[in-house]
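K.L.:
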Amino acid sequence: MGHKVSLTLGIESSCDETGIGIYSSSEGLIAHNLFSQVKIHADYGGVVPELASRDHIQRVIPLIKSSLSDAKINLSDITGVAHTAGPGLAGALLVGSAIAKSISWSLGIPSVEVHHMEGHLLAPLLEEDCPEFPFIALLVSGGHTMLVDVKGVGDYTILGESLDDAVGEAFDKTAKILGLGYPGGPALAELAKQCKTIKYKFPRPMTDRPGLDFSFSGLKTYARNTFIKEPQNRSDIAKSFEVAAIQTLMIKCRRALEGSEYSTLVVSGGVSANLYLRDTLDEMCKKINARAFYPRQEFCTDNGAMIAFAGHYRLMSKKINSDHKIVIKPRWSLEDLSAI
Amino acid sequence: MNLLAIDTCTEVCSVSLLLDNKKIDRFVEGVEKSSSLILPLCDEVFDEANILPKDLDGVLYTRGPGSFTGVRMCTAVVQGISFAHNIPTLGLSTLEVIGYGASKKYNKDKVAIALDARMGEVYWAYYINNKIHNESLKKPNEVDSLGAEYIGVGTGWGAYEELSFHSGVNDFISECHPQATNLIDLALEYIDRGVKMTFDIAMPVYLRNNVAHKSLK
Numbered sequence: 001m002g003h004k005v006s007l008t009l010g011i012e013s014s015c016d017e018t019g020i021g022i023y024s025s026s027e028g029l030i031a032h033n034l035f036s037q038v039k040i041h042a043d044y045g046g047v048v049p050e051l052a053s054r055d056h057i058q059r060v061i062p063l064i065k066s067s068l069s070d071a072k073i074n075l076s077d078i079t080g081v082a083h084t085a086g087p088g089l090a091g092a093l094l095v096g097s098a099i100a101k102s103i104s105w106s107l108g109i110p111s112v113e114v115h116h117m118e119g120h121l122l123a124p125l126l127e128e129d130c131p132e133f134p135f136i137a138l139l140v141s142g143g144h145t146m147l148v149d150v151k152g153v154g155d156y157t158i159l160g161e162s163l164d165d166a167v168g169e170a171f172d173k174t175a176k177i178l179g180l181g182y183p184g185g186p187a188l189a190e191l192a193k194q195c196k197t198i199k200y201k202f203p204r205p206m207t208d209r210p211g212l213d214f215s216f217s218g219l220k221t222y223a224r225n226t227f228i229k230e231p232q233n234r235s236d237i238a239k240s241f242e243v244a245a246i247q248t249l250m251i252k253c254r255r256a257l258e259g260s261e262y263s264t265l266v267v268s269g270g271v272s273a274n275l276y277l278r279d280t281l282d283e284m285c286k287k288i289n290a291r292a293f294y295p296r297q298e299f300c301t302d303n304g305a306m307i308a309f310a311g312h313y314r315l316m317s318k319k320i321n322s323d324h325k326i327v328i329k330p331r332w333s334l335e336d337l338s339a340i
Numbered sequence: 001m002n003l004l005a006i007d008t009c010t011e012v013c014s015v016s017l018l019l020d021n022k023k024i025d026r027f028v029e030g031v032e033k034s035s036s037l038i039l040p041l042c043d044e045v046f047d048e049a050n051i052l053p054k055d056l057d058g059v060l061y062t063r064g065p066g067s068f069t070g071v072r073m074c075t076a077v078v079q080g081i082s083f084a085h086n087i088p089t090l091g092l093s094t095l096e097v098i099g100y101g102a103s104k105k106y107n108k109d110k111v112a113i114a115l116d117a118r119m120g121e122v123y124w125a126y127y128i129n130n131k132i133h134n135e136s137l138k139k140p141n142e143v144d145s146l147g148a149e150y151i152g153v154g155t156g157w158g159a160y161e162e163l164s165f166h167s168g169v170n171d172f173i174s175e176c177h178p179q180a181t182n183l184i185d186l187a188l189e190y191i192d193r194g195v196k197m198t199f200d201i202a203m204p205v206y207l208r209n210n211v212a213h214k215s216l217k
């Protein structure tokens with residue numbers, strides 16, 4: 001390793017996935033590993049915070065070991081540690097943050113708190129063909145639905161967000177109504193594929209008024225009421241729901257792009273894995289001479305790569321943090337971040 | 001031998017650093033967030049001792065029971081320190097550390113330890129002649145019947161009046177907490193008896209494991 005190469009270890013443990021990434025200033029992402037707790041929580045119909053924390057504490061160190069081994073480096077080569085400090089589940093955040101801080105303290109290297117959503121927002125920049133600032137970001141997951149004006153790293157203005165359920169949450173809840181288990185978002189998308197024509201006209205919530213906020217809870221209720229009336233039409237309901245939710249996202253993205261005069265849209269978070277969403281947004285962007293960027297499929301969900309990457313940016317810009325307090329911020333607005 | 005001991009399992013936070021010829025202790029009561037204290041305390045004792053984490057021969061920790069978050073904080077910090085420099089660890093029961101400390105402090109052979117586990121339960125154990133027995137999660141009316149020759153220690157005694165009746169223990173001191181300095185002394189006794197520190201990953205012991213109910217749907 002050259003003397004000036006920086007190697008950032010990233011640790012993600014904000015919800016139900018333990019993720020580790022290692023980012024090199026000279027070679028880019030050199031390793032990443034993930035353990036998903038989906039099976040642990042499936043029986044409970046949702047994430048159980050205490051079970052999530054109990055699992056994270058068993059996974060972090062083994063995943064770091066695998067990642068170091070994959071990258072063919074030693075822990076002593078690491079020059080900085082980044083950890084998700086929020087937003088997320090307090091107990092889960094604490095595990096990754098405590099391990100990160102104790103490693104950085106022990107090795108005498110800097111550490112940095114990373115905002116989980118900044119990780120998602122920057123994830124498409126890990127790709128070779130990556131977007132340039134400024135852009136509009138659509139962050140869509142089980143916990144968030146957000147449109148953000150991104151002028152640069154850390155320079156964020158939230159343009160709109162969900163007033164109730166996040167879009168991924170609405171997917172999961174609707175899937176549950178249709179008997180698809182938990183987490184059912186991807187299963188709902190699969191079921192929707194069986195339906196070639198759209199039978200029901202579901203509402204496009206909050207698109208008939210100005211603004212960029214979202215609301216998905218009514219759409220979920222609409223799906224439930226339709227299912228009660230016609231329970232035999234599961235795939236039609238799945239398709240109609242998916243189309244309504246994604247068209248709603250598309251309408252707001254278009255509105256945000258046109259209001260900003262940017263020509264780049266970045267879409268990230270778990271729901272950005274949805275292929276119908278990608279097709280719909282690509283088509284819309286084409287019409288208005290814009291372009292959409294997405295992370296690779298495996299980086300749509302929570303992961304350590306994006307935390308290592310976002311941490312790398314912040315470590316490069318920041319004085320060494322000599323404060324050894326383990327800080328978590330379960331509620332943390334993107335707008336509270338400082339630009340670098 | 002340089003040993004670091006840490007405890008954050010309950011409402012106190014403590015660190016003790018054993019060097020060849022001295023021990024440096026920190027003990028803080030009434031802690032709301034040990035997360036903001038534990039590493040700064042470690043930093044202080046290392047500064048005072050003028051050594052670095054890599055100079056450690058072992059890391060000792062209270063492995064639980066205690067507050068879930070506190071127990072995990074302790075274990076997570078130990079995992080990081082141990083992994084950073086490949087240092088072996090030894091985790092001992094929070095109840096045993098309290099029992100050991102109380103036995104020395106009050107010069108008693110028989111100690112009944114009860115930590116308030118909330119939800120109408122205590123983390124329970126008793127300590128006789130340097131040995132811990134029956135570590136468990138109990139309702140106050142389920143604890144061992146021990147007798148008046150025991151001294152009760154731990155927050156459970158203040159939280160549940162009926163403990164005294166059911167255990168037969170009349171004298172108790174609620175304000176008795178785990179301390180890293182006792183953890184060092186207790187661990188040294190284990191090590192003298194041939195117990196080895198381990199390179200396995202430090203893990204918590206919660207005692208309360210029924211923490212979620214499966215969906216009926």
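So the protein lines, in turn, are chains A and B. No gaps in the numbering here: position 91 of the first sequence is 91 in the numbering used here, and each next residue is one more. No gaps in the numbering here: position 67 of the second sequence is 67 in the numbering used here, and each next residue is one more. C-beta atoms are modelled at their ideal positions from N, C-alpha and C, and glycine is treated no differently. Please read these numbers as outputs of a predicted model, since none were measured by experiment.
At the 7 Å Cβ level, is M1(B) part of the contact set with chain A, yes or no?
P.N.:
Locating residue 1(B) in the second sequence gives position 1, counting from the first residue. No, because no Cβ of chain A sits closer than 7 Å to the Cβ of M1(B).
K.L.:
When you compare only the Cα positions, how much space is there between L183(B) and Y190(B)?
P.N.:
Your numbering for residue 183(B) matches position 183 in the second sequence. Your numbering for residue 190(B) matches position 190 in the second sequence. When rounded, the distance between both Cα atoms is 10 Å.
K.L.:
Thinking C-alpha only, which one of R224(A), I40(A) and K199(A) is nearest V243(A)?
P.N.:
Residue mapping note: residue 243(A) aligns to position 243 of the first sequence, counting from 1. V243(A) has its Cα closest to that of K199(A), out of R224(A), I40(A) and K199(A).
K.L.:
How many Å lie between E335(A) and Y156(A) at the Cα?
P.N.:
Translated into positions along the first sequence, residue 335(A) becomes position 335. Translated into positions along the first sequence, residue 156(A) becomes position 156. Those two C-alpha atoms are separated by around 6 Å.
K.L.:
With a threshold of 7 Å between beta-carbons, can G2(A) be considered close to chain B, or not?
P.N.:
What you label residue 2(A) is simply residue 2 of the first sequence in a count that begins at 1. Here the model assigns G2(A) a pLDDT of 43, short of 50, so the residue's position is not dependable, and the following value carries that caveat. So, not an interface residue.
K.L.:
Under 8 Å by Cβ, that's how I've got Y206(B) and F27(B) pegged, so tell me the actual separation to the nearest angstrom.
P.N.:
By one-based count along the second sequence, residue 206(B) stands at place 206. By one-based count along the second sequence, residue 27(B) stands at place 27. About 24 Å separates the two Cβ atoms, so there is no contact after all.
K.L.:
Please confirm whether L337(A) and H115(A) have their CB atoms less than 7 Å apart.
P.N.:
Within the first sequence, residue 337(A) is the residue found at index 337, counting from 1. Within the first sequence, residue 115(A) is the residue found at index 115, counting from 1. For L337(A) and H115(A), yes; Cβs fall inside 7 Å.
K.L.:
Mind listing the chain E neighbours of H324(A)? Cutoff is C-beta to C-beta under 8 Å, in chain order.
P.N.:
Protein chains A and B are contained in the structure displayed, whereas chain E is not.
K.L.:
At a CB-CB cut-off below 9 Å, which residues of chain B make contact with G91(A)?
P.N.:
Within the first sequence, residue 91(A) is the residue found at index 91, counting from 1. Under the 9 Å cutoff, chain B gives F68, T69 and R72.
K.L.:
Check the C-beta distance from L163(B) over to A114(B) and give it rounded, since I have them as a contact under 8 Å.
P.N.:
The residue labelled residue 163(B) in the question sits at position 163 within the second sequence. The residue labelled residue 114(B) in the question sits at position 114 within the second sequence. Between A114(B) and L163(B) the Cβ distance is about 6 Å, and since that is below 8 Å, they are a contact.
K.L.:
Could you spell out the range, first to last residue, of the beta strand (DSSP E) harbouring H401(A)?
P.N.:
In the structure as shown, chain A starts at 1 and stops at 340, and residue 401(A) therefore has no counterpart that could be examined.
K.L.:
Please confirm whether T98(A) has its beta-carbon closer than 7 Å to some beta-carbon of chain B.
P.N.:
Within the first sequence, residue 98(A) is the residue found at index 98, counting from 1. The identity of residue 98(A) in the sequence shown is Ala, whereas the question assumes Thr. For A98(A), the answer is yes, since a Cβ of chain B falls inside 7 Å of its Cβ.
K.L.:
Can you tell me whether E113(A) is buried or exposed, with buried defined as 16 or more other CB within 10 angstroms of its CB?
P.N.:
What you label residue 113(A) is simply residue 113 of the first sequence in a count that begins at 1. Label assigned to E113(A): buried.
K.L.:
How would you write the range of the beta strand (DSSP E) that C74(B) sits in, first residue to last?
P.N.:
By one-based count along the second sequence, residue 74(B) stands at place 74. Run containing C74(B): none in the beta strand (DSSP E); it sits in the alpha helix (DSSP H), F68 to H85.
K.L.:
Tell whether a beta-carbon distance below 7 Å holds between C9(B) and G64(B).
P.N.:
Here residue 9(B) is taken as the residue at index 9 of the second sequence, counted from 1. Here residue 64(B) is taken as the residue at index 64 of the second sequence, counted from 1. Contact flag set, yes.
K.L.:
Quick one: grab the DSSP three-state call for F165(B).
P.N.:
For the purposes of this step, residue 165(B) is taken as the residue at position 165 of the second sequence. F165(B) falls in the helix class under three-state DSSP.
K.L.:
What do you reckon, are the CB atoms on A98(A) and S67(A) nearer than 7 Å?
P.N.:
Within the first sequence, numbered from 1, the residue matching residue 98(A) stands at position 98. Within the first sequence, numbered from 1, the residue matching residue 67(A) stands at position 67. Their beta carbons are not under 7 Å apart, which means A98(A) does not touch S67(A) by this criterion.
K.L.:
By Cβ distance below 6 Å, which residues in the same chain neighbour G158(B) in space, the five residues on each side in sequence not counted?
P.N.:
Indexing the second sequence from 1 puts residue 158(B) at position 158. So the list reads S174, once near-sequence residues are dropped.
K.L.:
At the 7 Å Cβ level, is V95(A) part of the contact set with chain B, yes or no?
P.N.:
The residue you call residue 95(A) lines up with position 95 of the first sequence. With 7 Å as the cut-off, V95(A) counts as an interface residue toward chain B.
K.L.:
Can you tell me where the beta strand (DSSP E) holding F27(B) begins and where it ends?
P.N.:
If you number the second sequence from 1, residue 27(B) lands on position 27. F27(B) -> beta strand (DSSP E) spans K23 to V28.
K.L.:
What would DSSP say about L125(A), mapped onto helix, strand or coil?
P.N.:
Along the first sequence, one-based indexing puts residue 125(A) at 125. Helix.
K.L.:
Report buried or exposed for I81(B), applying the criterion of at least 16 other Cβ atoms within 10 angstroms of its Cβ.
P.N.:
In the second sequence, residue 81(B) corresponds to position 81, counting from 1. Burial call: buried.
K.L.:
Since L95(B) contacts E135(B) with CB under 8 Å, what's their CB separation in whole angstroms?
P.N.:
As a position in the second sequence, residue 95(B) is number 95, starting the count at 1. As a position in the second sequence, residue 135(B) is number 135, starting the count at 1. 6 Å between Cβ atoms; contact.
K.L.:
For D55(B), which residues of its own chain have a beta-carbon under 7 Å away from its beta-carbon, when the five flanking residues on both sides are left out?
P.N.:
As a first step, residue 55(B) is located in the second sequence; it is residue number 55 there, counting from the start. Excluding residues within five positions, the ones whose Cβ falls inside 7 Å are N2.
K.L.:
Grouping DSSP H, G and I as helix and E and B as strand, with all else coil, what is T10(B)?
P.N.:
Indexing the second sequence from 1 puts residue 10(B) at position 10. Coil at T10(B), not helix or strand.
K.L.:
Measuring straight from C-alpha to C-alpha, what distance separates C15(A) and P40(B)?
P.N.:
Position 15 of the first sequence, counted from the start, is the residue given in the question as residue 15(A). Position 40 of the second sequence, counted from the start, is the residue given in the question as residue 40(B). Each residue's alpha carbon lies about 27 Å from the other.
K.L.:
Please report the residue range of the alpha helix (DSSP H) in which N182(B) lies.
P.N.:
What you label residue 182(B) is simply residue 182 of the second sequence in a count that begins at 1. Here the alpha helix (DSSP H) through N182(B) covers A180 to D192.
K.L.:
Based on the DSSP output, what are the partners of G218(A) in its beta bridges?
P.N.:
Taking the first sequence and counting its residues from 1, one reaches residue 218(A) at position 218. G218(A) is not bridged to any residue.
K.L.:
Would DSSP call N225(A) helix, strand or coil?
P.N.:
The residue given as residue 225(A) occupies position 225 in the first sequence. Residue state, collapsed to three classes: helix.
K.L.:
Starting from the C-beta of L257(A), find all residues in its chain whose C-beta is less than 8 Å away, skip the five residues before and the five after it, and write them out in chain order.
P.N.:
Within the first sequence, the letter at position 257 stands for residue 257(A). Correct list, in chain order: I136, S263, L265, C285, I288 and A290.
K.L.:
Between S240(A) and F216(A), is the Cβ-Cβ spacing less than 7 Å?
P.N.:
For the purposes of this step, residue 240(A) is identified with residue 240 of the first sequence, where counting begins at 1. For the purposes of this step, residue 216(A) is identified with residue 216 of the first sequence, where counting begins at 1. Contact: no.
K.L.:
Please confirm if F199(B) has its CB atom under 7 Å from at least one CB of chain A.
P.N.:
For this step, residue 199(B) is matched to residue 199 along the second sequence. Not an interface residue.
K.L.:
In chain A, which residues lie with their C-beta within 7 Å of the C-beta of S16(B)?
P.N.:
Here residue 16(B) corresponds to residue number 16 of the second sequence, with the count starting at 1. Neighbours of S16(B) on chain A: none; closest Cβ ~17 Å, over 7 Å.
K.L.:
Could you check what DSSP says for I198(A) in three-state terms: helix, strand or coil?
P.N.:
Residue 198(A) sits at position 198 when you count from the first residue of the first sequence. Of the three classes helix, strand and coil, the one that applies to I198(A) here is coil, per DSSP.
K.L.:
Give me the subset of the region 75-90 of chain B whose CB atoms are less than 8 Å from a CB atom of chain A, sorted by chain position.
P.N.:
The region 75-90 of chain B vs chain A, Cβ under 8 Å: T75, A76, V77, V78, Q79, G80, I81, F83, A84 and H85.
K.L.:
Please list, in chain order, all residues of the same chain as R72(B) whose beta carbon is under 8 Å from its beta carbon, the five residues on each side excluded.
P.N.:
Reading the second sequence from its first residue, position 72 is the one you call residue 72(B). The answer, listed in chain order, is P204.
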